[in-house]
Amino acid sequence: MAREYSILKLRGRLDGMIFYKNAEGHQVRTIGGIARERIMNDANFVRTRENMQEFGNINRAGKLIRDSIGVFLRRARDLRTGSRLVSVLAKIKNLDGESVRGQRTFAKGFSTAEGKALLVGFDFNKHAPLDMILKKDFELDSVAGDLTIPNFKPRTHLTTPEFATHVNIGLACVRLDAEHQAWETVYSASAPILTDDTEQTLRVTLPSLPAGTGVKMFYLLTEFFQEVNGELYELKSDQMNALKLVEIV
């Protein structure tokens, strides 16, 4: 892949070249590659077909996870969240010790303790890892569905972006059934607090826990607001909002 530096920024096809733009700027590549019909039928490409089958599975698993936490994800993510997540899911898929190559699945790898351990701790916004934003230990009760931060001083225990006057710390629980591609999510109510140094015991409680089959996945969100004339507004730059998968049970 080459980068286009010309004054004229082209898009489309020209003389066997494809001109396009992505997050890294204007790019150009040649038209070519192996015909799809050959890849799907030629015996020489059996390994390629196996990889395609498994890649499709982990892509669907990635979408399942992103959709299940979509309300929080819209507030805290980066441009590479999807690809970073799929990279982890590929490692989990490899833990499927039952299926033959080409038929290994995320669901079977995720059913293992090792698979769950690989996903716990995933930060959905690489610009704001939770450990960088929230510098205070918290206590999560996965049975009751609540989170507590004792002796919490927002100004001391948070990395706060410029202009932020309030912060909301949110909790979500997803009941995920990876095998049947099903999920149910419960979110805590938004309750922003001042980013001052008032010491408090912060408690965030879910109204209920999601029912159904599968594992429970707990997510912690920190998001910042600015107060203007008595109204709270989300900061236009969400690069300091953090979202992390903190526990799977």
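Converting from the sequence shown to the working numbering requires adding 1462 to each position, the first position being numbered 1. All C-beta atoms in this analysis are idealised placements derived from N, C-alpha and C, irrespective of residue type, glycine included.
Beta-carbon proximity list for residue i, same chain, < 7 Å, skipping 5 on both sides
{"i": "Ser-1530", "result": "Val-1636, Leu-1638, Trp-1645 and Thr-1647"}
{"i": "Pro-1591", "result": "Asp-1585 and Ala-1704"}
{"i": "Ser-1561", "result": "Thr-1567 and Lys-1570"}
{"i": "Leu-1694", "result": "His-1628, Pro-1654 and Phe-1687"}
{"i": "Arg-1617", "result": "Thr-1657, Asp-1658 and Asp-1659"}
{"i": "Glu-1689", "result": "Thr-1627 and His-1628"}
For residue i, three-class secondary structure by DSSP
{"i": "Glu-1693", "result": "strand"}
{"i": "Arg-1542", "result": "coil"}
{"i": "Val-1636", "result": "strand"}
{"i": "Arg-1617", "result": "helix"}
{"i": "Asp-1585", "result": "strand"}
{"i": "Ala-1464", "result": "Confidence in Ala-1464 is poor, its pLDDT being 49 and thus under 50, which makes the residue's placement too unreliable to answer from."}
{"i": "Glu-1528", "result": "Residue 1528 is actually Arg in this sequence, not Glu. Arg-1528: helix per DSSP, three-state reduction."}
{"i": "Lys-1678", "result": "strand"}
{"i": "Asn-1703", "result": "coil"}
{"i": "Asp-1593", "result": "helix"}
{"i": "Lys-1483", "result": "strand"}
Environment of residue i [buried if 16+ CB atoms lie within 10 Å]
{"i": "Asn-1735", "result": "The first residue shown for the chain is 1463 and the last is 1711, placing residue 1735 beyond what the model contains."}
{"i": "Arg-1543", "result": "For the sequence presented, residue 1543 should be read as Thr rather than Arg. Buried, because 16 or more other Cβ atoms sit within 10 Å of the Cβ of Thr-1543."}
{"i": "Val-1666", "result": "buried"}
{"i": "Ala-1640", "result": "buried"}
{"i": "Ala-1579", "result": "exposed"}
Residue from the options with nearest C-alpha to residue i
{"i": "Leu-1609", "options": "Leu-1581, Leu-1668 and Thr-1657", "result": "Leu-1668"}
{"i": "Asp-1593", "options": "Thr-1684, Leu-1602 and Leu-1580", "result": "Thr-1684"}
{"i": "Val-1605", "options": "Ala-1673, Ala-1579, Thr-1618 and Asp-1658", "result": "Ala-1673"}
{"i": "Leu-1656", "options": "Thr-1627, Ala-1640, Val-1666 and Val-1708", "result": "Thr-1627"}
{"i": "Thr-1622", "options": "Gly-1564, Asp-1603, Gly-1559 and Ile-1595", "result": "Ile-1595"}
{"i": "Leu-1707", "options": "Lys-1555, Val-1582, Lys-1698 and Arg-1537", "result": "Val-1582"}
{"i": "Ala-1523", "options": "Arg-1537, Ser-1545, Ile-1710 and Gln-1489", "result": "Ser-1545"}
{"i": "Gln-1701", "options": "Lys-1555, Ile-1710 and Ala-1538", "result": "Ala-1538"}
Neighbourhood of residue i by C-beta distance below 6 Å, restricted to the same chain and skipping five residues each side
{"i": "Thr-1557", "result": "Per the sequence shown, the amino acid found at residue 1557 is Leu instead of Thr. Closer than 6 Å at Cβ, skipping near neighbours: Gly-1571, Thr-1574, Glu-1576 and Gly-1577."}
{"i": "His-1619", "result": "Lys-1597 and Lys-1598"}
Cβ neighbours of residue i in the same chain (closer than 8 Å, five flanking residues each side left out)
{"i": "Phe-1614", "result": "Lys-1598, Glu-1661, Gln-1662, Thr-1663 and Leu-1664"}
{"i": "Leu-1671", "result": "Gly-1607, Cys-1635, Arg-1637, Val-1648 and Lys-1678"}
{"i": "Val-1533", "result": "Ala-1634, Thr-1647 and Tyr-1649"}
{"i": "Val-1625", "result": "Reading the sequence as shown, one finds Phe at residue 1625 and not Val. Answer for Phe-1625: Gln-1688 and Leu-1697, listed in chain order."}
{"i": "Gln-1515", "result": "Gly-1564 and Gln-1565"}
- Query: Is the segment 1621 to 1637 in contact with the segment 1648 to 1657, if contact means three or more CB pairs nearer than 8 Å?
  - Reply: yes
- Message: I want to know whether the segment 1514 to 1525 touches the segment 1545 to 1552 - three or more CB-CB distances under 8 Å.
- Response: yes
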